[in-house]
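The numbering of the sequence shown is our numbering, which starts it at 347 and goes up by one.
In what follows, a structure is listed as C-alpha cells, so that the remarks can point back to it.
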Amino acid sequence: MCGIVGYIGYRESQPILIEGLKKLEYRGYDSAGIAVQTEQGLEVTKTVGRLANLESRLSGDPLRGTVGIGHTRWATHGKPSDVNSHPHTDNSLKFSVVHNGIIENYLELKEELVQAGHRFLSETDTEVISHLISVEYDGDIVKAVQRAVKKMRGAFALGVLTEYEPDRLVAVRYASPLIIGVGDGEKYIASDIPAILEHTRDIYILNDGEMAVLTRDAVELLTIEGNFISKEIFHVDWDLMTAEKAGFDHFMLKEIHEQPKAYRDTMLGRISDDGRSVELSELKMTAEQLKGINRVHIVACGTALHAGLVGKNVIESLVRVPVETDVASEYRYRSPIITPDTLVIVVSQSGETADTLAALREAQRCGARVLAITNVVGSSVAREADDVIITLAGPEIAVASTKAYSSQLIAFFLFGLYWAQTVGTRDEAAVAQVLAAMQSLPEQVEKLLAQAEVIKEVAESISHHSSLFFIGRGVDYAVAMEGSLKLKEISYIHSEAYAAGELKHGTLALIEEGTPVIALLTQEDLYEKMLSNIKETKARGAHVLGIVNEGQEQEVAKSVDRQFAIPRTLPLLTPALSVIPLQLLSYYASLALGHDVDKPRNLAKSVTVE
Ligand code: AGP
347 MCGIVGYIGY RESQPILIEG LKKLEYRGYD SAGIAVQTEQ GLEVTKTVGR LANLESRLSG
407 DPLRGTVGIG HTRWATHGKP SDVNSHPHTD NSLKFSVVHN GIIENYLELK EELVQAGHRF
467 LSETDTEVIS HLISVEYDGD IVKAVQRAVK KMRGAFALGV LTEYEPDRLV AVRYASPLII
527 GVGDGEKYIA SDIPAILEHT RDIYILNDGE MAVLTRDAVE LLTIEGNFIS KEIFHVDWDL
587 MTAEKAGFDH FMLKEIHEQP KAYRDTMLGR ISDDGRSVEL SELKMTAEQL KGINRVHIVA
647 CGTALHAGLV GKNVIESLVR VPVETDVASE YRYRSPIITP DTLVIVVSQS GETADTLAAL
707 REAQRCGARV LAITNVVGSS VAREADDVII TLAGPEIAVA STKAYSSQLI AFFLFGLYWA
767 QTVGTRDEAA VAQVLAAMQS LPEQVEKLLA QAEVIKEVAE SISHHSSLFF IGRGVDYAVA
827 MEGSLKLKEI SYIHSEAYAA GELKHGTLAL IEEGTPVIAL LTQEDLYEKM LSNIKETKAR
887 GAHVLGIVNE GQEQEVAKSV DRQFAIPRTL PLLTPALSVI PLQLLSYYAS LALGHDVDKP
947 RNLAKSVTVE
C-alpha cells in the first residue's frame with residue numbers, strides 16, 4: 347500500500363524523505379516521488395519503479411530545500427507510470443499533494459474541474475485533490491484544505507504543500523493512517539512509525555477527521571472542521587533495530603525465527619504466577635458481560651482470518667459457544683445477524699486493514715461488542731474496538747505474515763481459556779494443563795526451527811511443481827489453509843487447501859503422478875480418517891509429505907513418502923507448532939525460485955483500501 351513521508355526542519359529534506367520511504371518499502375509500491383520547496387519554488391521528481399530509480403533520477407538533479415513530501419504509490423486508479431506517481435500538482439504547479447487511500451467521488455469532482463478549465467495529466471484520483479485545493483485557496487492553505495476535504499468522499503491521508511506558504515506542511519487523516527513526528531526544530535508526517543523512527547520517538551496519532559499544521563517549531567492539531575484539539579504525545583518504545591533484518595537474509599526468515607519470543611511476549615503478564623489462570627486485565631468487558639455472550643463472529647482477512655479459523659475451534663471447544671468466521675470484505679455487505687448477545691472478534695496484524703475496520707464499524711453500528719486482536723498499539727482497529735488484546739509480536743515487515751499469525755493463535759488460546767475459566771466450562775486444573783503446555787511452545791518452536799534444513803530440501807523439490815495440495819481435518823484444515831496461502835503469496839506456486847475428507851468430492855481429479863500433497867496429521871482422533879484420505883491421494887500418484895506428531899513416525903511411515911515431526915503438545919495447541927514447517931516451506935520455495943521473498947509481486951503489507 348502507498349506510503350507517505352513529509353519533513354519540515356532545518357536539514358536538507360531529500361535524504362530524509364528517501365530514507366523514510368525506504369522504511370515503508372515493505373508496504374509494497376510500484377512508483378515513488380518527492381516534492382520539495384526549493385529556491386525556485388515547489389519542485390517535483392517522480393518515477394515509476396523502485397526507489398532506486400527515483401534516487402538515480404535525483405542524483406544528477408537533487409531537489410534542495412528543507413521542506414518536502416514523499417510518496418510510494420501502489421496503483422489503484424491508473425497503471426503504475428511516471429505521470430500517475432505522486433506527488434500530484436495543480437495546473438499552476440503551486441500546490442502539491444501526496445495521498446493514501448481512495449477518493450470515491452473523484453470522477454464527479456474531476457468533471458466539474460474539467461468544465462471549469464482544469465487540465466489533468468494523470469488517471470489518478472489524487473490529482474483531483476491538488477486541483478480542488480488550488481480552487482479553494484484564498485491565502486490560507488489550512489482553510490483551502492479544509493474546504494477541499496469537505497467535497498471529498500472516501501478514505502484519505504494527505505500531505506499538502508503550497509509554494510505560497512513555504513514554511514507550512516499540512517496533513518489530514520480520514521480513514522487512512524497518518525502520524526505526526528515531533529522533533530526539535532523539525533517535524534515529520536508519515537503513514538507508519540518506522541519511516542521517522544530514526545529521527546524521533548515522539549508522535550501524535552491522528553484520528554479520522556483530524557488534521558495537523560506543521561511548522562519547524564510547532565504542530566497545530568485541529569479537526570477538519572477547524573476546531574483546535576490537543577493530544578497526548580505517544581512515545582514509541584520499540585527500537586528500529588527490531589524493524590531491521592538483524593543478520594537474516596530476509597525479514598520473513600527473521601520473523602519466523604522471532605516466533606518463540608513473540609509467543610513468550612504475548613503470554614507475558616497474562617498467566618497468573620501459579621500458572622493456573624489467565625489474567626486479561628486489559629479487557630474492559632465484565633465477567634457478567636462475558637457470561638451473556640451466546641454467539642461469536644470472527645471477522646478478518648487473509649492470514650488473520652486463518653488465525654480466526656483456529657480461534658473458532660478454540661472457543662467452540664473450550665467454551666461451547668457457536669462461532670462463525672467471516673471474510674471481512676463480505677461481512678458488512680451480507681447483513682450479518684448480530685444480536686445483543688453477539689461478540690464480534692476482529693483480527694488484524696496492522697490494525698489498519700480497511701475491510702476489517704469497516705466490519706468492526708458495521709458490527710458496532712448493529713450493537714455488537716467488538717474485541718480486537720491486533721499487533722499495533724494505537725492502530726485504528728485498536729482504538730475503535732471496545733476491547734483489545736495486543737499481540738506482542740513486534741513490528742512485522744515481510745508482506746507474508748508469520749509471527750503475527752502465530753501470536754494471534756496465542757491470543758485466541760488465552761482468550762478462550764479466560765472465557766472458559768470465567769463461565770466455568772473448564773475447571774482450574776484443566777486451564778492449568780493447557781497453560782503449562784502453552785508455556786512449552788516457545789521452546790518447541792526453537793526445536794522446530796533447528797530443523798529448517800529438512801524443510802529446505804522438501805521446498806526445493808516442490809518448487810519445480812506448478813500445483814500442490816494441503817490437506818487436513820479439524821484444526822489441521824485451518825492450518826492447511828494458512829500453509830497454502832503462504833506458499834501462493836511468496837512462491838507463486840498454485841496450491842489449494844482441502845478438508846481431507848472433501849477431496850474425493852471433486853478435487854481428487856487433479857491429483858496425478860508426482861503431485862505434491864502436504865498432509866497434516868496432528869489430531870489423534872482424526873488420525874485413522876486422515877490415513878485413509880492420504881491413501882486415496884497416493885493411489886492416484888501423489889507424493890505425500892506428512893506433518894505428524896513426534897512418536898507417530900513409525901506408524902505413518904508406510905502411508906507417506908516423507909514426514910516431518912512436530913513436538914508433542916495438546917491437540918488444541920498444535921497449530922502453533924504445525925504452521926512453522928509450512929512457513930519455512932513457503933520461504934525456501936520462494937527462495938529456490940529466486941523471488942523477492944519479502945515483497946511479493948502484486949501484494950502490499952497493509953491493505954488500506956476496500
Ligand atoms: C498475510 O501473509 C497476508 N499478507 C495477508 O493475508 C494479511 O494477513 C491480510 O491482508 C490481513 O492483514 P492484517 O492482519 O494487517 O489485517
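Every residue gets a Cβ at the ideal spot worked out from N, C-alpha and C, and that includes glycine.
No experiment lies behind these values; they were computed from the predicted model shown.
- Taking 8 Å as the upper bound for CB-CB distance, V495 and V474 are not in contact here, some 12 Å apart.
- Between P788 and P606, the C-beta gap is smaller than 7 Å, which places the two residues in contact.
- Taking 6 Å as the cut-off, the C-beta of V953 counts as close to a heavy atom of ligand 1.
- Going by beta carbons, G818 and L928 fall outside the 7 Å limit.
- A462 sits in coil when the DSSP states are folded into three classes, being neither helix nor strand.
- In the three-state DSSP reduction, P512 falls in the coil class, being neither helix nor strand.
- With a cut-off of 6 Å, the C-beta of C647 is classified as near ligand 1, since at least one heavy atom of the ligand falls inside that distance.
- Look at A728: its beta carbon is at least 6 Å from all of the heavy atoms in ligand 1.
- The nearest non-hydrogen atom of ligand 1 is 6 Å or more from the C-beta of V722.
- In this structure, ligand 1 has no non-hydrogen atom nearer than 6 Å to the beta-carbon of T671.
- Assigned with DSSP and collapsed to three states, E566 falls in strand.
- Its chain contains V943 as the residues whose beta carbon lies nearer than 7 Å to that of L937, once the 5 sequence neighbours on both sides are disregarded; these appear in chain order.
- In the displayed model, E625 falls within coil according to three-state DSSP, outside both helix and strand.
- Looking at the DSSP output, D538 sits in no beta bridge, so it has no partner there.
- With contacts defined by Cβ atoms closer than 7 Å, Q754 and A653 form a contacting pair.
- Taking every protein chain shown into account, the CB of K904 has fewer than 16 other CB atoms within 10 angstroms, so this residue is exposed.
- When C-beta atoms of the region 403-411 are compared with those of the region 381-389, three or more pairs fall below 8 Å, so the two segments count as touching.
- Straight through space, the alpha carbons of D530 and R357 are spaced by roughly 12 Å.
- For T699, the Cβ falls inside the 6 Å cut-off from some heavy atom of ligand 1.
- With a cutoff of 7 Å on beta-carbon distance, V444 and S476 are scored as not near each other.
- Relative to ligand 1, S752 has its C-beta separated by 6 Å or more from all heavy atoms.
- Here the distance from the Cβ of A826 to the nearest heavy atom of ligand 1 is not below 6 Å.
- Residues S696, G697, E698 of the same chain have their beta carbon placed closer than 7 Å to that of S725, with the five preceding and five following residues left out of the count.
- In this chain, the alpha helix (DSSP H) harbouring N399 covers 397-406.
- Taking all protein chains shown into account, V460 has fewer than 16 neighbouring C-beta atoms within 10 Å of its C-beta and is therefore exposed.
- Rounded to whole angstroms, K456 and T569 show a C-alpha spacing of 25 Å.
- Bounds of the beta strand (DSSP E) holding R419 are 413-419.
- Within the chosen limit of 6 Å, ligand 1 reaches the beta carbon of S747 through at least one heavy atom.
- Judged by DSSP secondary structure, R641 falls within the beta strand (DSSP E) whose first and last residues are 641-646.
- Remark: C-beta atoms of A421 and D376 approach each other more closely than 7 Å.
- For Q695, the distance from the CB to the nearest heavy atom of ligand 1 is below 6 Å.
- Taking one beta carbon from each stretch, the region 721-735 and the region 621-632 have 3 or more pairs nearer than 8 Å; the two touch.
- Runs of beta strand (DSSP E) with 3 or more residues, each lying fully within the region 440-504, are found at 441-449, listed in chain order.
- Inter-residue distance for Y609 and L655 is about 19 Å (C-alpha atoms, whole angstroms).
- Cβ-Cβ distances below 8 Å link L854 to E882, T883, R886 in the same chain, with the five nearest sequence neighbours on each side left out; the list follows chain order.
- If you ignore the 5 residues before and after A798, its C-beta comes within less than 6 Å of the C-beta of L930, all in its own chain and listed in chain order.
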